[in-house]
Every structure is written in structure tokens, then in C-alpha cells.
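Asker: For the sequence shown, my numbering assigns the number 73 to the initial residue and increments by one for each residue that follows.
Cβ atoms here follow ideal geometry from the backbone N, Cα and C, with glycine treated the same way.
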Amino acid sequence: MTRVAEAPTRPEPVPPTARRLRRWVRRQRAERAPSLSLESAYLLVLTVAMAVGLFGPGVGSAMWPAAGAASPDRLVVLVLLGAGAAGLMLLLRQAGPLVLGRGELTWLLPAPVPRRGLLLPALVRALAVGAVGGTLLALAGAARLAVRPVSGYALTGWLTLGAATGALLALLTVAAQRRPGYARVLDVVVPALLVALGATVLLSRVRPLPTLPGVDAPPLPLTLGALLAVAGLTALAVRDLARLPDVRLHEPSLTVGTYLDAAYAVEPSFLADLRERRYWRRRALRSRPLRPRLGRLVPLQQDLLVLRRRGWRLGWLAAAAPLPAMLTAGAGWLPATALVVGAVTVAGVTLDALRRDAAHSALLRLLGLTGRRAVAIRLVVPAVLATAWSGLAVAVLGLLGDLPPGPWWALGLAFGPTAAMMAVRRAQAGGIDHSLPLVVTPMGAFSPGPVLWLLNGTDVLLFAAPTLVALLGPVRPGWGWVAGQAVCTVVAVLAYLRFGADGRRPRV
Numbered sequence: 073m074t075r076v077a078e079a080p081t082r083p084e085p086v087p088p089t090a091r092r093l094r095r096w097v098r099r100q101r102a103e104r105a106p107s108l109s110l111e112s113a114y115l116l117v118l119t120v121a122m123a124v125g126l127f128g129p130g131v132g133s134a135m136w137p138a139a140g141a142a143s144p145d146r147l148v149v150l151v152l153l154g155a156g157a158a159g160l161m162l163l164l165r166q167a168g169p170l171v172l173g174r175g176e177l178t179w180l181l182p183a184p185v186p187r188r189g190l191l192l193p194a195l196v197r198a199l200a201v202g203a204v205g206g207t208l209l210a211l212a213g214a215a216r217l218a219v220r221p222v223s224g225y226a227l228t229g230w231l232t233l234g235a236a237t238g239a240l241l242a243l244l245t246v247a248a249q250r251r252p253g254y255a256r257v258l259d260v261v262v263p264a265l266l267v268a269l270g271a272t273v274l275l276s277r278v279r280p281l282p283t284l285p286g287v288d289a290p291p292l293p294l295t296l297g298a299l300l301a302v303a304g305l306t307a308l309a310v311r312d313l314a315r316l317p318d319v320r321l322h323e324p325s326l327t328v329g330t331y332l333d334a335a336y337a338v339e340p341s342f343l344a345d346l347r348e349r350r351y352w353r354r355r356a357l358r359s360r361p362l363r364p365r366l367g368r369l370v371p372l373q374q375d376l377l378v379l380r381r382r383g384w385r386l387g388w389l390a391a392a393a394p395l396p397a398m399l400t401a402g403a404g405w406l407p408a409t410a411l412v413v414g415a416v417t418v419a420g421v422t423l424d425a426l427r428r429d430a431a432h433s434a435l436l437r438l439l440g441l442t443g444r445r446a447v448a449i450r451l452v453v454p455a456v457l458a459t460a461w462s463g464l465a466v467a468v469l470g471l472l473g474d475l476p477p478g479p480w481w482a483l484g485l486a487f488g489p490t491a492a493m494m495a496v497r498r499a500q501a502g503g504i505d506h507s508l509p510l511v512v513t514p515m516g517a518f519s520p521g522p523v524l525w526l527l528n529g530t531d532v533l534l535f536a537a538p539t540l541v542a543l544l545g546p547v548r549p550g551w552g553w554v555a556g557q558a559v560c561t562v563v564a565v566l567a568y569l570r571f572g573a574d575g576r577r578p579r580v
């Protein structure tokens, strides 16, 4: 009886590491894609040099003024630094912060690759963003709170503490991305903290806050403790990367990828569609019957239902009404700019439906509505929202700002529908027209499509001249100014409905 030789068993292949896969992908891309040309490098260096030359002095003087903050204003500066830290955390929370590229999300995430090695570069990016943001906040704080002259040792301590604080905020958002309970708490606490800090700044206009002495350098134990906390929490975050679910990575990765696509293609209209889709993905599907007797007013009923579902957003926007009054300590144009941007933002809460009507007019055909009638119906809710918000904002600005006495609240109410008209124009903008001929300048040629898209709707500000002149003057407005603004608003609305909307066809 002969013995049959056993076939040699092959050892099981060891799964490749994420580093090896990334190195292979980079090598394949380098072989197929062209490298960076000298022309592209020249344009990049020239753009950076021009940006530094144009905006460098202004940004430098804003970050590091000639003198520090006065003793009564130091607590306000500290409150604003806390608001900046809360805003940084909110930005990281909205971005993920752990995100992957589309190729990694599609091919490497489902592959048998160690999860920790795959997500480690994303964690490093999140920590870097948090550290850079914290460093900038610390630099602004040291310029206003530190005793002048600031030594190199003190500045190093401030920057180190700021970088460690920013990294801690990034680690907190990473933990919230993995645990939905933490995420819900952060989504409520951080905006509430921003509102509370803004109320504190407004309180300083009415009642002086306690004074704070200048600080030479942050305490060394505090800085060392922050660095040790960053090291320990980073180790825990690296350990927990292996247990991060895939579902926590898909939505932020797709969101950041869409933002990058919009920047690369110079198509900001992608962002509005992304925001709308992201909002409705998080909502539970439910329906409410509309009133059949009001068939022609179905768009108005739809706007009211959307407004009811987005009541929380109205609450945060109402809390932001004192923002123009908070900016009166800065440049003179800041309160007027904040008023226009805030009123247009409030008016745009329900204008996603008008944006859909402009892209697809099927609903208007089914309802038998012309473009003029549809725009008039869609304008009702934005006009009411913008009027209420601008009236409240200008009233607070007149009470707490350095403005002469006058009927500011009435001027804000008269300005509201004009801001709503600007929001309607922005909603009807659609995509950028890249087919326009190039504009040749001594610095090179550029496409006017993005510029025209950004400026779309700003012509309506001509009808807001009484309010803007009164704020930028400042002048003492009387009831004649209010009547003039009301007349300008009525003319703007009627002229747009007459000449800017289609009165025959169902086209917005």
C-alpha cells in the first residue's frame, strides 16, 4: 500500500495594511496622472503671493492690534474667545470630523483592512484642524489679554495652550461622531452656549462686566495638563477607531466630498441641494392632508408645513437677532452687513421649494399657476419672517448701539420685504452659467459666471437705500425715512412681479 503525498498547504495570505494600500494607490495615480506642471506651480505661488500682499496687512493688524484690550473689555474678549471655540467645535461637528475620500469609502472601507490604520490619517487631519483653529484663537487672545510687550516665552505658552485646547475640542467631536448620545448633547449644548455668550456680550453694553487684570503667560501647570490630556485622549481615540461603525463615516464623507466638488467645479448651487437632501434624510416621513378648498394656495400651505417642521431653526435665528448690535464695536459697515445677511438667511428658510420650482416646474403645471402667481405666493412666508427678524434686530440695534434716537424698529419692519425679495432672487439663481465669454484683464482671463452668480440679487439693495444710509451714516431717521423705505419696498416687489416673473407660463 503506497502512501499518497500530501499537497503542501499554502499559508493564508496576510491582509495588507492601509499604509501599503495607500502607497500602491499613490504609485498607480502617479503613473497614470500627469504630475504638477511648472505653469500650475507658478499660478499657485502667484495666487498665494497676491493673497498675502492684498490681505496680509489687514489680517495681521486685526489679529495683532497695536495695543491690547482695555481692562473693562478683557472679560468681553474672553467671552468672544469662548464663542470662537464653540464655533470651532460646531464646525468640526458639522464636518464629521472623521472623513474619508470617495475611493477609500468605496473600496478600502469594505475591504479586509485594519480599521485603525485606515482611519488614523483622518484622525490626524481632524486634530490638525482643531490645533490650527485653537492656535489662531490663542494668538488673537494673547494680542488682547497679554501684558505688553509679549515675550517669546509667553507667546509660546499661549500658542501651545491654544493648540492643545483646539485638539481637545476635535477629540470631543470625534467621540460624538462615534456615540450618537454625545452627538445629540453637543448639537444642543454648543448652539445654546453660543447664544449665552452672545447675551453676555450684549449685557456688557448695558452693565459693565467685572474687570480682569492682564496676564503675562498662561500658567505652566495648565499648559502641561492640557498637553497630557490631549495625549491620553488621543490614545483612547486611536484605540476606539477599530470600533467606529461604517454608518458614522458615510454621511460626513459624502458631505465633505460634495463641498470639495462644488469648490473644484465652481458650482455653489450644489451646496443648497446637498443641505436640503441632508435635512430630509434625517426626518421621519409623515404627511398631513392639505385643504382642498385652497387648491391655488397649495404652495403657501407647503411653506407653512415646512416652517412648522423647522421651528427649531427659527428659534436659533431669533436668538441671533442681536448680532448686528454686537458688531457695533467693529467697523461701521459690519452692523448693516449683518442685518442684510441675517434677514436674507431668515427669509430663505422656506425657499427650497421655490428653488425646486425654478428647476422643475411640474408642480406649477399641475396646479395651473403662472410663474408670477407662484412667486407671489412663495413670497408671503419669507416676507413675514424677514420683516419680523429685521424689525427685532434693528430695534435692538437702536437700543444698544451707538445710534441716534428714532423709530428704528419701524425702519427695520419696512426693510424686511426687501430682504425677502433678495432671498427670492437668490433662490431663483439656479446654476452658474459657464458659457459666458471670458473677461480678459492684465492679470489674466476669468469667467464672469461665478461673479454674476455671487452678485445675483444684490441689485435689490438699491431699494434698501434709506435703511442702509441711516445705519452707515448714522443719521437720525424720522417717520419720513420709514415712509420712504416702505415706498421703495412696495416698488421693488411690484416691479419684480410685473417684469421679473412670467405672467403667462408656469415657469419661475
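Does the segment 491-503 come close enough to the segment 442-451 to have 3 or more Cβ pairs within less than 8 angstroms?
Answerer: Yes, since at least three Cβ pairs between the segment 491-503 and the segment 442-451 fall closer than 8 angstroms, the two stretches touch.
Asker: So what does residue 512 bridge to, in DSSP terms?
Answerer: Walking along the sequence shown from the start, residue 512 turns up at place 440. For residue 512, which the question treats as bridged, DSSP gives the partners 517.
Asker: Would you say residue 465 and residue 414 are within 8 angstroms of each other, going by their C-beta atoms?
Answerer: Numbered from 1 along the sequence shown, position 393 holds the residue referred to as residue 465. Numbered from 1 along the sequence shown, position 342 holds the residue referred to as residue 414. Taking 8 angstroms as the Cβ cut-off, residue 465 and residue 414 qualify as a contacting pair.
Asker: Do residue 216 and residue 140 count as a contact pair if the criterion is CB distance below 8 angstroms?
Answerer: Residue numbering aside, residue 140 sits at position 68 when the sequence shown is read from its first letter. Residue numbering aside, residue 216 sits at position 144 when the sequence shown is read from its first letter. Closer than 8 angstroms, so yes.
Asker: By DSSP, does residue 573 sit in helix, in strand, or in coil?
Answerer: Within the sequence shown, the letter at position 501 stands for residue 573. Looking at residue 573 - three-state DSSP - the assignment turns out to be coil, as it is neither helix nor strand.
Asker: Are three or more beta carbon pairs between the segment 238-248 and the segment 273-289 nearer than 8 angstroms?
Answerer: The answer is no - the segment 273-289 does not touch the segment 238-248, with fewer than three Cβ pairs under 8 angstroms.
Asker: Mapping the DSSP letters down to three states, classify residue 393 as helix, strand or coil.
Answerer: In the sequence shown, the residue the question calls residue 393 occupies position 321. Residue 393 falls in the coil class under three-state DSSP.
Asker: Can you tell me whether residue 375 is buried or exposed? The criterion is at least 16 other CB atoms within 10 Å of its CB, across all chains shown.
Answerer: Reading the sequence shown from its first residue, position 303 is the one you call residue 375. So residue 375 ends up on the buried side.
Asker: My guess is that residue 479 and residue 561 are in contact by the Cβ rule of under 8 angstroms, so how many angstroms apart are they, rounded?
Answerer: Residue mapping note: residue 479 aligns to position 407 of the sequence shown, counting from 1. Residue mapping note: residue 561 aligns to position 489 of the sequence shown, counting from 1. In fact, because the Cβ distance is near 16 angstroms, the residues do not count as touching under 8 angstroms.
Asker: Are there three or more Cβ pairs, one per stretch, closer than 8 angstroms when the segment 531-551 is compared with the segment 507-519?
Answerer: Cβ pair count under 8 angstroms is below three, so no.
Asker: From the DSSP output, in three-state form, read off residue 148 for me.
Answerer: Position 76 of the sequence shown holds residue 148. The answer is helix: DSSP assigns residue 148 an H, G or I state.
Asker: Suppose the cutoff is 6 angstroms on Cβ atoms and the five residues either side in sequence are ignored; what does the same chain contact list for residue 247 look like?
Answerer: Residue numbering aside, residue 247 sits at position 175 when the sequence shown is read from its first letter. Contacts found: 254.
Asker: Quick check: the Cα distance between residue 424 and residue 163, rounded to an integer number of angstroms?
Answerer: Locating residue 424 in the sequence shown gives position 352, counting from the first residue. Locating residue 163 in the sequence shown gives position 91, counting from the first residue. Their backbone Cα atoms lie some 23 angstroms apart in a straight line.
Asker: When you compare the CB positions of residue 294 and residue 158, do they come within less than 8 angstroms of one another, or not?
Answerer: For the purposes of this step, residue 294 is taken as the residue at position 222 of the sequence shown. For the purposes of this step, residue 158 is taken as the residue at position 86 of the sequence shown. Going by C-beta atoms, residue 294 is not nearer than 8 angstroms to residue 158.
Asker: Secondary structure at residue 222, three-state DSSP: helix, strand or coil?
Answerer: Indexing the sequence shown from 1 puts residue 222 at position 150. Residue 222: coil per DSSP, three-state reduction.
Asker: Give the single residue among 319, 331, 131, 578 whose Cα lies nearest to the Cα of residue 249.
Answerer: To locate residue 249, count along the sequence shown from 1; it is residue 177. Measuring from the Cα of residue 249, the nearest candidate turns out to be 319.
Asker: What are the boundary residues of the alpha helix (DSSP H) that includes residue 478?
Answerer: The sequence position of residue 478 within the sequence shown is 406, counting from 1. Run containing residue 478: none; DSSP gives neither H nor E here.
Asker: In chain order, what residues of the same chain have a beta carbon less than 8 angstroms from the beta carbon of residue 343, not counting five sequence neighbours either side?
Answerer: On the sequence shown, position 271 is the one that residue 343 refers to. 330, 331, 334, listed in sequence order.
Asker: Beta-carbon separation of residue 426 and residue 500 under 8 angstroms?
Answerer: Counting from one through the sequence shown, the residue named residue 426 turns up at place 354. Counting from one through the sequence shown, the residue named residue 500 turns up at place 428. Yes, the pair counts as a contact, with Cβ atoms nearer than the cut-off.
Asker: Do three or more CB pairs link the segment 455-464 to the segment 515-528 at distances below 8 angstroms?
Answerer: Contact fails: fewer than three Cβ-Cβ distances are below 8 angstroms.
Asker: Grouping DSSP H, G and I as helix and E and B as strand, with all else coil, what is residue 466?
Answerer: Translated into positions along the sequence shown, residue 466 becomes position 394. In this structure, residue 466 counts as helix in the three-state DSSP scheme.
Asker: Assuming contact is defined by CB atoms lying nearer than 8 angstroms, are residue 524 and residue 444 in contact in what I supplied?
Answerer: For this step, residue 524 is matched to residue 452 along the sequence shown. For this step, residue 444 is matched to residue 372 along the sequence shown. No, these two residues do not count as a Cβ contact at 8 angstroms.
Asker: For residue 73, collect the residues of the same chain with a Cβ closer than 7 angstroms to its Cβ; drop the 5 residues on either side in sequence, then sort them by chain order.
Answerer: Position 1 of the sequence shown holds residue 73. Unreliable positioning characterises residue 73 in this predicted model, as indicated by a pLDDT of 49, which lies under 50. A coordinate reading is not provided.
Asker: With three or more beta-carbon pairs closer than 8 angstroms as the criterion, would you say the segment 166-179 touches the segment 132-151?
Answerer: Touching, no.
Asker: Spatial neighbours of residue 520 within its chain, please: CB distance less than 6 angstroms, with the 5 preceding and 5 following residues excluded, ordered by chain position.
Answerer: Here residue 520 refers to the residue found at position 448 when the sequence shown is read from its first residue. The residues are 508, 511.
Asker: Classify residue 287 as helix, strand or coil using the three-state DSSP reduction.
Answerer: Counting from one through the sequence shown, the residue named residue 287 turns up at place 215. Strand, per DSSP.
Asker: For residue 179, count neighbouring Cβ atoms within 10 angstroms of its own Cβ and tell me buried if that reaches 16, exposed if not.
Answerer: Along the sequence shown, one-based indexing puts residue 179 at 107. Counting Cβ neighbours within 10 Å, residue 179 comes out exposed, since fewer than 16 surround it.
Asker: Skipping 5 residues on each side, what residues in its chain have a beta carbon closer than 6 angstroms to that of residue 262?
Answerer: Looking up residue 262 in the sequence shown gives position 190. Answer for residue 262: 158, 161, 162, listed in chain order.
Asker: Distance, Cα to Cα, residue 299 vs residue 206?
Answerer: Within the sequence shown, the letter at position 227 stands for residue 299. Within the sequence shown, the letter at position 134 stands for residue 206. Roughly 13 angstroms between the two C-alpha positions.
Asker: In the DSSP assignment, find the alpha helix (DSSP H) that holds residue 140 and state where it starts and stops.
Answerer: Position 68 of the sequence shown holds residue 140. Note, residue 140: premise wrong, no alpha helix (DSSP H); not H, not E.
Asker: Just to confirm my understanding: we take residue 312, look at its own chain, exclude 5 residues before and 5 after, and list those with CB closer than 7 angstroms. What are they?
Answerer: Position 240 of the sequence shown, counted from the start, is the residue given in the question as residue 312. Closer than 7 angstroms at Cβ, skipping near neighbours: 250.
Asker: Give the single residue among 245, 431, 305 whose Cα lies nearest to the Cα of residue 168.
Answerer: For the purposes of this step, residue 168 is taken as the residue at position 96 of the sequence shown. It is 245 whose Cα lies nearest to the Cα of residue 168.
Asker: Beta carbon of residue 218, beta carbon of residue 145: below 8 angstroms?
Answerer: Mapped onto the sequence shown, residue 218 falls at position 146. Mapped onto the sequence shown, residue 145 falls at position 73. No.
Asker: Would DSSP call residue 239 helix, strand or coil?
Answerer: The residue labelled residue 239 in the question sits at position 167 within the sequence shown. It is helical.
Asker: Apart from the five residues on each side of it in sequence, which residues of its chain come closer than 7 angstroms, Cβ to Cβ, to residue 475?
Answerer: For the purposes of this step, residue 475 is taken as the residue at position 403 of the sequence shown. Answer for residue 475: 469, 546, listed in chain order.
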